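The opening position of the sequence shown corresponds to residue 85 in the numbering used here, with each subsequent residue numbered one higher.
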Amino acid sequence: MAEFQNPFFTSTSDDVESEYDAGVAALQTGDCNAASRHFGNAAKDGHVSALFNLSLLWGGGSVTPYDFDLAADCWYKAAEAGHPRAKAVLWQLEAADRGGFGADNLAKLAEEANSGDSLIPSIMICAARFYDVICRKYGATVDVIAYELDAAATSDFGFVHSFIKRAGIDAAFYDGGLNRLKAGSAADQITDGLNKLHVAMRRSGVSDELAVMARCSIVGYIIAKSPYGDRSQPLRGVDTFFDDESF
Numbered sequence: 085m086a087e088f089q090n091p092f093f094t095s096t097s098d099d100v101e102s103e104y105d106a107g108v109a110a111l112q113t114g115d116c117n118a119a120s121r122h123f124g125n126a127a128k129d130g131h132v133s134a135l136f137n138l139s140l141l142w143g144g145g146s147v148t149p150y151d152f153d154l155a156a157d158c159w160y161k162a163a164e165a166g167h168p169r170a171k172a173v174l175w176q177l178e179a180a181d182r183g184g185f186g187a188d189n190l191a192k193l194a195e196e197a198n199s200g201d202s203l204i205p206s207i208m209i210c211a212a213r214f215y216d217v218i219c220r221k222y223g224a225t226v227d228v229i230a231y232e233l234d235a236a237a238t239s240d241f242g243f244v245h246s247f248i249k250r251a252g253i254d255a256a257f258y259d260g261g262l263n264r265l266k267a268g269s270a271a272d273q274i275t276d277g278l279n280k281l282h283v284a285m286r287r288s289g290v291s292d293e294l295a296v297m298a299r300c301s302i303v304g305y306i307i308a309k310s311p312y313g314d315r316s317q318p319l320r321g322v323d324t325f326f327d328d329e330s331f
């Protein structure tokens, strides 16, 4: 909760400030969906702290749908409006969006975050957008998706198989993807980077289940941005990702 405290901005409108305060109150009761609605209402009327808080909620997967692009948009807008914390780490998002972050740097940040069992919004936003950018830049999208889904299909977690189903990609596309990668290829290096990020998150205190969800979400974002994305369902936040489903 600490990251949502000490607002930088106070609206001159009582109604807008009331929406912001209602969002903070909802967070204190653990109702992230209500907080998202209230912060969204305040942000529409220019509340800068509400914008920043939305980037945290949406970037950390607190609500469904898990929308990395909306989270990044709020981050950019909050920084442009002068929010000090958004500005302080804006270089990370800018680096990710130009494909210049680096897999090792991302893993290092994740490990040093000491996040406990939670997803760090800035790291998740940057990871999703960075890996999508370099997949497209190096023509590795197909091989990365095939590798990741083929690996996911071997998981013991039922929620992973539910994720694969929601991805909407036929098994014939990814079957054997684990064995298709050429050593040293772009796709090989990208999947290795995702492995490093998973390990870093675990070392930072993230549970295996949540680290797996994070990887699924990054891969799901890559799928959504690919030519195969028209068949995929919206990504889920932690509030629904682990729901029991038949697969």
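No residue lacks a Cβ here, since even glycine has one placed at the ideal position from N, Cα and C. Bear in mind the structure is a predicted one, so any value in this text is a computation, not a measurement.
Who are the Cβ neighbours of F152 in its own chain at under 6 Å, not counting the five residues just before and after it? When the five nearest sequence neighbours on each side are left out, the beta carbons in the same chain lying within less than 6 Å of the beta carbon of F152 are those of I209, A212, Y305, in order along the chain.
Give the secondary structure of K266 by DSSP, where H, G and I count as helix, E and B as strand, and everything else as coil. Reduced to three states, the DSSP call for K266 is coil.
For the structure I just gave you, are there three or more beta carbon pairs, one from the stretch 189 to 204 and one from the stretch 147 to 167, closer than 8 Å? Contact between the stretch 189 to 204 and the stretch 147 to 167 is absent, because fewer than three Cβ pairs lie under 8 Å.
Residue range of the alpha helix (DSSP H) that includes T225: First-last of the alpha helix (DSSP H) with T225: 225 to 236.
Give the secondary structure of I204 by DSSP, where H, G and I count as helix, E and B as strand, and everything else as coil. DSSP places I204 in coil when its eight states are reduced to three.
Alpha-carbon to alpha-carbon, V290 and S269: Rounded to the nearest angstrom, the two C-alpha atoms are 29 Å apart.
Nearest to A230 by alpha carbon, out of D259, G252, L138, L140? Its Cα nearest to that of A230, the residue D259 stands out among D259, G252, L138, L140.
DSSP state of L319 mapped onto helix, strand, coil: It is coil, neither helix nor strand.
For the pair the stretch 224 to 239 and the stretch 275 to 295, tell me if three or more CB-CB distances fall below 8 Å. Yes: at least three Cβ pairs fall under 8 Å.
Straight-line gap, G119 to K266 (C-alpha atoms, nearest Å): The displayed chain sequence assigns Ala, not Gly, to residue 119. When the Cα atoms are used, A119 and K266 turn out to be separated by approximately 46 Å.
What's the gap between the Cα of G242 and the Cα of N117? Straight-line measurement puts the Cα of N117 at about 25 Å from the Cα of G242.
Please say whether V147 and G321 have beta carbons closer to each other than 8 Å? Taking 8 Å as the cut-off, the beta carbon of G321 is found closer than this to the beta carbon of V147.
Just curious, the alpha helix (DSSP H) that I307 is in, first and last residue? Residues 292 to 309.
Spatial neighbours of F136 within its chain, please: C-beta separation below 8 Å, excluding the five flanking residues on both sides. So the list reads F92, C158, W159, A162, H167, R169, A170, once near-sequence residues are dropped.
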